[in-house]
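Everything on this sheet refers to the single structure shown next.
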Amino acid sequence: MFKKLKKEVKIFNDDFEAVLTDIPKLRFADFEEEGVEVKANTTEINGTDGVLMGPTTFGPFNLILNFHFKGVDKEDLRLMKQRLRELLFRREPYYVWHSDMPGKKYAVYCEENGNEDLTNYFATFQVTFVVFKGYSESLKETDEFSLSSGDWQFEGGLLTDNEIKYKHDTTSFKIYNGSSDIINPLLRHKFKLLINIDAPKGFKISNKTTGDVFEYKKAIKSNQKLIINGLHPFVNDKRVGIDTNWQWITLAKGFNDIEITGMNIGAVKTQWIFPFIYR
6 MFKKLKKEVK
16 IFNDDFEAVL
26 TDIPKLRFAD
36 FEEEGVEVKA
46 NTTEINGTDG
56 VLMGPTTFGP
66 FNLILNFHFK
76 GVDKEDLRLM
86 KQRLRELLFR
96 REPYYVWHSD
106 MPGKKYAVYC
116 EENGNEDLTN
126 YFATFQVTFV
136 VFKGYSESLK
146 ETDEFSLSSG
156 DWQFEGGLLT
166 DNEIKYKHDT
176 TSFKIYNGSS
186 DIINPLLRHK
196 FKLLINIDAP
206 KGFKISNKTT
216 GDVFEYKKAI
226 KSNQKLIING
236 LHPFVNDKRV
246 GIDTNWQWIT
256 LAKGFNDIEI
266 TGMNIGAVKT
276 QWIFPFIYR
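Numbering (my numbering), first residue to last: 6 to 284.
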């Protein structure tokens, strides 16, 4: 359950953070997420009915935030417009967060800042952002997971903290994906897996839910860290894809049954880091 928040809008990336609603007299009214753009990959074959379906992907969508401003005079309104333009239109993309959906953030660039001057000092603003990834993300990633923080929201109902863990020291466990979609690094979904393990003959990580199997074929000690960053495995910051089966791990919606196997493996520790994604 989220604590009640005042109406706020924040924009940020690794280099800056700004609260738009800290601009005096600027008020956030509401928001709209425009429709999802479905990109169906189809192949038509002469002499047959219909088409063959390939993987479906999703295009970007618009996030519209509505504001209103009541200043003192025309100059007050003009200065506020200039300040808003400077904040919104940047060379680098950034994230938008707003209090109406406090568990989400959107990777965006600003496409339009439309406004209507109703009087010399009162105006409404409709700011259009392009969510270029085609999905929104959880505000935080799973290395900061805590239901008690109020920073998380789930599409599949309420869960308890003890059901959800992202650090494990066993060879069989569950990983929860609270997204409304699969987590798939091939689709540029952010995913990182940190592994420490004694495995004199290598090891396999299997997701029994999706059927994915990642295999590392060389010996590795627990004082080394194997990191799977998206599609790419690293040991001590060196790419080691050649020592694997060239596969990767995806996470289905909900709970995923994970198993780690190998001859004489021990001292296993894993940490699973990713944001939830929402259509």
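Where is the CB? At the ideal position from N, CA and C, for every residue including glycine.
- Nearest Cα to residue 27 within the set 35, 21 and 13: 13.
- About 5 Å separates the Cβ atoms of residue 111 and residue 136, confirming a contact at the 8 Å cut-off.
- A distance below 7 Å between beta-carbons, with the five flanking residues on each side excluded, links residue 121 to the following residues of its chain, in chain order: 128 and 129.
- Across the structure, residue 223 and residue 241 are spaced so that their CA atoms are roughly 14 Å apart.
- The beta-carbon distance between residue 170 and residue 263, rounded to whole angstroms, is 11 Å. This is too long to meet the 8 Å contact definition.
- In its chain, beyond the 5 residues on either side, 115, 118 and 132 have a beta carbon closer than 7 Å to the beta carbon of residue 93.
- In this structure, the beta-carbon distance from residue 200 to residue 275 falls below 8 Å.
- With a 10 Å radius around the Cβ and a threshold of 16 neighbouring Cβ atoms, residue 182 comes out buried.
- Residue environment for residue 272: exposed (fewer than 16 other C-beta atoms within 10 angstroms of its C-beta).
- If you ignore the 5 residues before and after residue 81, its C-beta comes within less than 8 Å of the C-beta of 30 and 126, all in its own chain and listed in chain order.
- In this structure, residue 207 sits near residue 221, with a CB-CB distance shorter than 8 Å.
- With a contact defined as Cβ atoms closer than 8 Å, residue 249 and residue 217 miss out at about 13 Å.
- If you draw a straight line from the Cα of residue 203 to the Cα of residue 227, it is about 5 Å long.
- CA-to-CA, the gap between residue 95 and residue 270 works out to about 50 Å.
- The beta carbons of residue 68 and residue 36 sit about 7 Å from each other, so the pair counts as a contact at 8 Å.
- In the three-state reduction of the DSSP assignment, residue 58 falls in the strand class, which pools E and B.
- In this structure, DSSP gives residue 280 a state outside helix and strand, which the three-state scheme calls coil.
- Between residue 284 and residue 134, the CB-CB gap reaches or exceeds 8 Å.
- Distance check between residue 260 and each of 186, 252, 244 and 139 places 186 closest, using alpha-carbon atoms only.
- With 16 or more other Cβ atoms inside 10 Å of its own Cβ, residue 141 counts as buried.
- Distances from the CA of residue 225 to each of 39, 19, 149 and 205 were compared; the closest alpha carbon is that of 205.
- Of the residues assessed, residue 50 falls on the exposed side of the cut-off, its CB having fewer than 16 other CB atoms within 10 angstroms.
- Per DSSP, reduced to three states, the secondary structure at residue 75 is strand.
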